[in-house]
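Below is the structure:
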């Protein structure tokens, strides 16, 4: 069972590995490096959850921009839209943006 995909939940798993499913047999480990809150604006809705995740992956296996099935040992499986945003000596950096209505659950 997957855990709620909230900013607070992802923060609990900073610096851990998330496995991206490339196909039936292959996965690629990405490290969650940063969780960034979107600043509240004067016209922002108070019932929205808005944040970005930043992952680090290896330099030799670039991922294209698309939705991936991602697995985490504590959070379970989820689909995340990943966008490559940078490449440096440490590898590729990817961003996932979350923006949704908060629920009372």
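Numbering (my numbering), first residue to last: 44 to 148.
Ideal placement from N, C-alpha and C gives every residue a C-beta, glycine not left out.
Beta-carbon gap between residue i and residue j smaller than 8 Å
| i | j | result |
| --- | --- | --- |
| residue 62 | residue 74 | no |
Burial state of residue i (16 or more Cβ within 10 Å)
| i | result |
| --- | --- |
| residue 65 | exposed |
Residue i versus residue j - alpha carbon distance
| i | j | result |
| --- | --- | --- |
| residue 71 | residue 102 | 12 Å |
| residue 105 | residue 126 | 11 Å |
| residue 108 | residue 124 | 7 Å |
| residue 93 | residue 138 | 13 Å |
| residue 44 | residue 120 | Interpretation of residue 44 is limited by its pLDDT of 48, a score under 50 that renders its predicted location unreliable; no figure is taken from the coordinates. |
| residue 113 | residue 69 | 12 Å |
| residue 60 | residue 98 | 9 Å |
Where the beta strand (DSSP E) through residue i begins and ends
| i | result |
| --- | --- |
| residue 144 | 134–144 |
| residue 98 | 91–100 |
| residue 124 | 119–131 |
| residue 50 | Premise fails: residue 50 lies in the alpha helix (DSSP H), 50–54, not in any beta strand (DSSP E). |
Contacts around residue i, its chain only, beta-carbon distance under 8 Å, and the 5 residues preceding and following it disregarded
| i | result |
| --- | --- |
| residue 82 | none |
| residue 129 | 135, 136 |
| residue 132 | 102 |
Nonlocal neighbours in the same chain, by C-beta distance under 7 Å from residue i, ignoring five residues either side
| i | result |
| --- | --- |
| residue 56 | 75, 115, 117, 118 |
| residue 78 | 50, 53, 54, 57, 94, 96 |
| residue 48 | 121, 141 |
Cut-off 6 Å between Cβ atoms - residues of its own chain near residue i, not counting five sequence neighbours on either side
| i | result |
| --- | --- |
| residue 100 | 73, 134, 135 |
| residue 110 | 122, 124 |
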